[in-house]
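Report on the structure given below.
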Amino acid sequence: MARAERLLGMIARAERLVACLAFLLLVAVVFLDVVSRELTSTGLHWALQIGVYANFIMVMLGIGVASAGGAHLRPQFADRWLPRRFEPVVVRLQEAVTSLFFLGFALVGAAVVEETRLLGERAPVLGNLIWPLQGLIPAVFLLATIRHGLYAAWPGLRPRSAGAFSAGAD
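Numbering-wise (the working numbering), the sequence shown opens with residue 1 and increments by one.
Here you go:
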């Protein structure tokens, strides 16, 4: 369990770091574009595309940041249907299903990336290949699969949140 906890910590730190760097890139690009417009009456032709890429990175990594912080939105309408004694089983089942859900998205994402790679699709403004950046999609979902799989195996690693499962009365 200690190894799993260290792994989860390393993944969470890396996700937060890269998301913050992407945010800084987005802010810098928007700032440079505004300065360029003010000084030259024309913007930077590449700024929008780079900004979209930075935003994409932030959004995708936000999945892991939310998972690590226990901040995902989830339906809670059935939380109190079962007695509290079922909570350990339900929590493991919930995390296992979430892990499988993310695995499905990782597989679909990998198929999309592979198709884009085979087609050689490029971004219209910058002319760069799209698939390397799209590779973030299955990677993020695979990390979420691992994270929630570890939560299913060791529920004590699962972050506590306001939305955590809470069974009904005994």
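The beta-carbon is built from N, C-alpha and C at its ideal position, and this holds for glycine as well. Small disclaimer: the values here were computed from a predicted structure and weren't measured.
Review point. Of the residues Gly109, Tyr151 and Ala14, which one's Cα is nearest the Cα of Phe141?
Key: Gly109
Practice item. Sort Arg13, Trp46, Glu38 and Ala12 by Cα distance to Leu26 and report the nearest one. Key: Trp46
Practice item. Assess, as a yes-or-no matter, whether the stretch 88 to 108 is touched by the stretch 118 to 134 under the definition of 3 or more beta carbon pairs within less than 8 Å. Key: In short, these stretches do not touch, since the Cβ pair count stays below three.
Practice item. Out of Pro124, Ala54, Tyr53 and Phe31, point me to the one whose CA is closest to Gly43's CA. Key: Phe31
Review point. Which residue spans inside the stretch 47 to 89 form an unbroken alpha helix (DSSP H) run of at least 4?
Key: 47 to 69
Check your understanding: Can you name the start and end residues of the alpha helix (DSSP H) that Pro132 belongs to?
Key -> Counting along the chain, the alpha helix (DSSP H) containing Pro132 begins and ends at Trp131 to Gln134.
Check your understanding: Which partner residues does Arg158 have in the DSSP bridge list?
Key -> Partner(s): none; Arg158 has no beta bridge.
Exercise for review: Answer with buried or exposed for Met1, where buried requires no fewer than 16 other C-beta atoms within 10 angstroms of its C-beta.
Suggested key: Exposed is the call here.
Exercise for review: Go ahead and label Leu17 buried or exposed: buried means 16 or more other beta carbons lie within 10 angstroms of its beta carbon, across all protein chains shown.
Suggested key: So Leu17 ends up on the exposed side.
Exercise for review: Below 8 Å on the Cβ atoms is my guess for Leu8 versus Leu150; work out the distance and round it to an integer in Å.
Suggested key: 6 Å
**Study point:** CA nearest to the CA of Ala78, picked from Gln94, Thr40, Ile63 and Leu107
**Key:** Looking at the Cα atoms, Gln94 is the closest of the given residues.
Check your understanding: Tell me, which residues are paired with Arg147 by DSSP?
Key -> In DSSP, Arg147 forms no bridge with anything.
Check your understanding: How many Å lie between Met58 and Arg147 at the Cα?
Key -> 18 Å
Check your understanding: Going along the chain, which residues of its own chain have a beta-carbon closer than 7 Å to the beta-carbon of Ala144, five neighbours each way excluded?
Key -> Ile63, Gly64, Ser67 and Phe102
Point to revise | Cut-off 7 Å between Cβ atoms - residues of its own chain near Arg92, not counting five sequence neighbours on either side | key: Its chain contains Ala152 and Pro155 as the residues whose beta carbon lies nearer than 7 Å to that of Arg92, once the 5 sequence neighbours on both sides are disregarded; these appear in chain order.
Check your understanding: According to the Cβ coordinates, are Phe56 and Leu133 closer than 8 Å?
Key -> yes
Practice item. Write down the C-beta distance between Val29 and Gly51 rounded to the nearest angstrom, noting that I regard them as a contact closer than 8 Å. Key: 5 Å
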